[in-house]
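The block underneath contains the structure these notes are about, expressed in structure tokens.
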Amino acid sequence: MKTVFTAIVLIAALAAGSSQAADLSDADEIVSRANSASYYAGSDGRSEVRMIIRDAQGREQRRQFTVLRRTVEEAGDQDFLVVFSQPSDVRGTVFLVKKHVGLDDDRWLYLPGLDLVKRISAGDKRTSFVGAHYFYEDVSGRDPGEDTHVLDETTDESYVLTHTPKDSSQVEFSHYQTWIDKSTFLPTRIEYANSSGNVYRRVEVLEVEEIDGHPTVTKSRVVDVDSSGQTDMQFRYIAYDIGIPAEVFTERSLRRPPGEWLKRPATDQ
Amino acid sequence: MRRIFFITALLGASALATASEDPSDDWEDWGDDSSAGGLRWTGFVEAAAGGRLQNDALIDDALTLGDLRARIETEWSNDKVTIDFKADAWYDAVPDELDANIRELSLAVSPTAQTDLLIGRQVLTWGTGDLLFLNDLFPKDWVSFFAGRDTEYLKAPSNAVRATWYSKPVNIDIAWTPVFEPDVYLDGERFSFFSPLAGGAIAPIPPLDALEPGKDFSNGEFALRLFKTVNGREYALYAYHGFFHQPSALTTALEPTFAPLSALGASYRRPLMSGLFNAETAYYQSRDDTAGTDPLIPNDQFRLLLGYEREAITNLTVAFQYYLEWTRDYDDLIANSFSPEFEPDEYRQVITNRLSYRAWQDKLTLSLFTFYSPTDKDFYLRPAIDYRYSDKWSFSGGANLFGGDQPHTFFKQFADNSNAYVRVRFSY
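Keeping their order, the protein sequence lines are chains U and H. Counting along the first sequence from 1, when you hit position 211 you're at 210 in numbering that gives the first Met the number 0, and nothing is skipped either side. Counting along the second sequence from 1, when you hit position 126 you're at 125 in numbering that gives the first Met the number 0, and nothing is skipped either side.
Structure below.
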């Protein structure tokens with residue numbers, strides 16, 4: 000009898016342990032896992048993205064594009080190819096990014112009207128991505144090594160961290176706070192504060208789905224608090240580990256977008 | 000005057016129409032973009048007006064731009080081929096006529112896994128210069144550029160076959176244009192230009208119509224590019240066999256024509272100190288006058304370009320270029336020239352600067368492009384403002400301002416053509 004009881008207690012403890020892993024206390028470890036969950040799910044992936052950009056007057060603009068992503072080195076360099084399909088004046092525009100951790104990214108933009116492969120200087124990554132309230136850096140990920148991280152609080156659902164830039168001349172924020180989901184390690188909310196401590200920019204995750212075993216953000220929003228403009232972003236037809244070769248992320252794809260990898264996966268959502 | 004009224008009315012009407020923007024905001028009303036269900040037709044309608052900022056004694060008309068243009072575009076593809084189509088039809092108020100032009104009608108196929116073919120009418124571009132072209136010897140439309148049409152129109156289409164072969168050691172790009180396609184050059188209809196023979200500016204009536212090489216394949220153009228990117232550094236070698244695209248030569252009957260040209264070149268582009276550095280060089284061999292003694296035909300030239308661009312402060316990009324044209328056999332040129340006083344310096348140099356500022360979520364772009372030649376002592380300024388009001392409506396305005404010391408130099412010769420323009424575009 001005693002043996003059975005002991006066994007039940009053990010099983011219960013194991014079950015509890017698996018659903019409620021011990022909280023992490025190392026801020027760098029949490030950030031590293033959040034970075035992996037947000038930007039490194041699968042060895043590669045594709046997603047169709049729609050954005051609705053609203054300004055303070057409620058006027059809206061739309062963007063639609065497909066993103067292909069390939070990880071060159073786990074938690075390190077990555078390649079991105081962004082192919083625009085809407086609106087009509089940007090249709091056929093293609094954006095290629097070679098993200099380098101610790102170095103400037105390489106970025107190219109193809110303008111089909113001029114057949115021009117335009118190189119974009121690394122410069123400021125915290126500027127609008129194609130007119131949205133999202134920044135380039137929100138799309139390809141901010142290098143965790145550029146900030147110092149402090150764990151402020153651990154709630155039932157989230158780790159709450161504050162991040163301070165090592166070089167404040169490179170960024171417009173004084174610090175930012177993230178709420179990272181304890182089970183998925185996806186940030187659910189990010190708030191950027193200016194030097195007087197006021198939050199002027201907020202990123203919210205509105206919907207998360209599990210796709211090919213990876214918890215994945217499928218709807219998010221950026222709010223420019225000062226101007227009350229905002230951009231909603233929706234991700235659809237997501238697939239991971241589809242085997243996109245390295246050659247897809249070259250000049251060839253700028254002039255000739257790779258139809259084989261851009262077409263929707265067979266299993267529709 | 001009637002035409003100006005017509006275009007003003009159009010601009011006014013389009014401004015009013017912007018008030019009826021669709022405020023809907025649901026993901027559901029987006030409409031799907033799946034390719035099923037036939038062709039998607041897109042394009043725009045645009046009204047554009049521009050006028051001279053001073054009188055040109057040679058051209059009565061103050062209007063330099065008066066377009067009412069419709070663009071249609073579509074694309075069809077299956078697993079094997081893609082067909083692209085882009086065409087414009089427009090009323091051009093300057094000559095008071097209707098025009099149409101196919102910008103693109105091309106078939107794209109990949110006959111092997113590493114080869115892309117693009118056959119048909121297409122726009123071709125390569126090289127690293129910003130509005131300075133060394134190895135990009137594809138046709139340009141300078142009339143559209145000077146008149147203030149969208150920058151897209153600077154690149155004139157070619158009827159060509161482009162084959163690109165991608166491989167690990169090097170990528171090879173070949174463009175064959177079977178029938179020589181010249182630039183759309185200044186012909187006096189809209190803009191005057193300097194004639195060394197006349198010793199002054201001219202605007203011929205009927206407009207200048209330079210003698211083109213015969214339309215046989217032996218007069219076709221071959222352009223070759225070998226290129227490779229290693230660790231973010233772009234290397235390229237270029238070769239060209241064809242003709243100068245400007246009617247810069249004269250026949251023995253003193254008719255303007257296009258001299259045979261062969262060119263070899265190289266370029267390099269890399270990130271540098273958070274910016275971009277580029278270098279490009281080209282040697283132009285004027286095949287019919289390699290000795291440089293024939294006054295009717297341009298001499299050989301060595302050309303060099305150095306550029307640097309960087310985002311100076313958030314949303315403000317600053318770019319500089321230094322450009323050199325070294326005319327070979329210069330003493331022979333001067334000794335034989337009909338008008339040595341009008342020949343440019345042996346080392347003609349141009350410095351350019353581009354300032355580009357984006358604001359309001361990239362909806363507004365302010366830019367200023369400056370060409371200045373310290374050797375010719377002349378300049379060309381291109382201020383521009385572009386406002387993307389919505390996905391449908393956009394507004395542009397700007398000016399083309401030429402000036403300098405002496406009437407014959409490259410930019411100063413266009414001084415009486417200085418103009419300002421506005422454009423309103425509705426995209427569908």
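We put the CB at the ideal spot given by N, CA and C, even for glycine.
Item, Value
"For the alpha helix (DSSP H) holding I29(U), just list the boundary residues, first then last.", "A26 to Y38"
"How would you list, in chain order, the residues of chain H whose beta-carbon sits under 7 Å from the beta-carbon of L80(U)?", "Per Cβ cutoff of 7 Å: no residues; L80(U) is ~15 Å from chain H at best."
"Does the Cβ of E345(H) lie closer than 8 Å to at least one heavy atom of the ligand NAD?", "Among the components of this structure there are no ligands whatsoever, and the ligand NAD is therefore not found."
"List, in chain order, every chain H residue whose beta-carbon is nearer than 9 Å to that of L113(U).", "V122, T124, T150, E151, L153 and K154"
"With a threshold of 9 Å between beta-carbons, can Q320(H) be considered close to chain U, or not?", "no"
"Check this for me: beta carbons of Y239(U) and G258(U), under 9 Å apart or not?", "no"
"Counting only runs of 4+ residues fully inside the stretch 122-183 of chain H, write out the alpha helix (DSSP H) ranges in chain order.", "141-146"
"Indicate the three-state DSSP secondary structure (helix, strand or coil) for D43(U) in the structure shown.", "strand"
"Measuring only the C-alpha atoms, how far is L323(H) from N399(H)?", "23 Å"
"E209(U) to T217(U), Cα distance in whole Å?", "9 Å"
"If you drop the 5 nearest sequence neighbours on each side, which residues of the same chain put their C-beta closer than 7 Å to that of V247(U)?", "L67, L80, P257 and W260"
"Could you please give me the residues that DSSP links to K165(U) through a beta bridge?", "Looking at the DSSP assignment, K165(U) forms no beta bridge with any residue, so it has no partner."
"Let me see if you follow: with CB-CB separation under 9 Å, is Q268(U) close to chain H or not?", "Because the pLDDT at Q268(U) is just 47, under 50, the model does not fix this residue reliably, and the point stays unresolved."
"Which residue from E74(H), A222(H), D129(H) and L67(H) puts its Cα closest to that of R148(H)?", "L67(H)"
"Evaluate contact between the stretch 235-246 of chain H and the stretch 262-276 of chain H, counting only Cβ atoms and requiring at least three cross-stretch pairs below 8 Å.", "yes"
"Give the DSSP-derived three-state secondary structure of E190(U) in the structure shown.", "strand"
"Of all the options S195(U), V116(U), D25(U) and S139(U), which has the alpha carbon lying nearest to the alpha carbon of T126(U)?", "S139(U)"
"For chain H, is any of its Cβ atoms less than 9 Å away from the one on K287(U)?", "No statement about residue 287(U) is possible, as the shown extent of chain U runs from 0 to 268 and does not include it."
"Tell me, please, whether the CB atom of G242(U) is closer than 9 Å to any CB atom in chain H?", "no"
"Considering only the beta carbon of each residue, do R269(H) and E211(H) sit closer than 9 Å?", "no"
"Roughly how many whole angstroms lie between the Cα atoms of G344(U) and R220(U)?", "Lying before the first or after the last residue shown, residue 344(U) is absent from chain U, which here runs from 0 to 268."
"Does G144(U) have its Cβ less than 9 Å from a Cβ in chain H?", "no"
"If I follow the unbroken alpha helix (DSSP H) through G228(U), where does it start and stop?", "From DSSP, G228(U) is part of no alpha helix (DSSP H) but of the beta strand (DSSP E) over G228 to Y239."
"Can you tell me where the alpha helix (DSSP H) holding V138(U) begins and where it ends?", "Y135 to S139"
"Name, please, each residue of chain U whose Cβ falls closer than 8 Å to the Cβ of R309(H).", "S120 and G122"
"Pull up the CB-CB distance for F378(H) and T364(H), whole angstroms please, since I reckon it's below 8 Å.", "About 22 Å separates the two Cβ atoms, so there is no contact after all."
"Name, in chain order, the residues that DSSP records as bridge partners for E324(H).", "R302(H) and R347(H)"
"Between E28(U) and chain H, is there a C-beta pair that is closer than 9 Å?", "no"
"Using a cut-off of 9 Å between C-beta atoms, extract the partners of E156(U) located in chain H.", "In chain order: nothing, as chain H lies at least about 27 Å away."
"Quick one: what's A99(H) bridged to in DSSP?", "A88(H)"
"In three-state DSSP terms, what is L261(U)?", "helix"
"When DSSP labels each residue in this structure, what does E342(H) get in the three-state scheme?", "coil"
"Identify whether P143(U) lies in helix, strand or coil by the three-state DSSP scheme.", "helix"
"Should M0(H) be flagged as near chain U, meaning a C-beta pair shorter than 9 Å?", "Note that M0(H) scores a pLDDT of 44, beneath 50, so its modelled location is shaky; the value from the coordinates is reported in the next line. No, because no Cβ of chain U sits closer than 9 Å to the Cβ of M0(H)."
"Starting from R200(U), follow its DSSP beta bridges and name the residues at the other end.", "Y191(U) and D223(U)"
"Using a Cβ-Cβ distance under 9 Å, would E209(U) count as near chain H?", "no"
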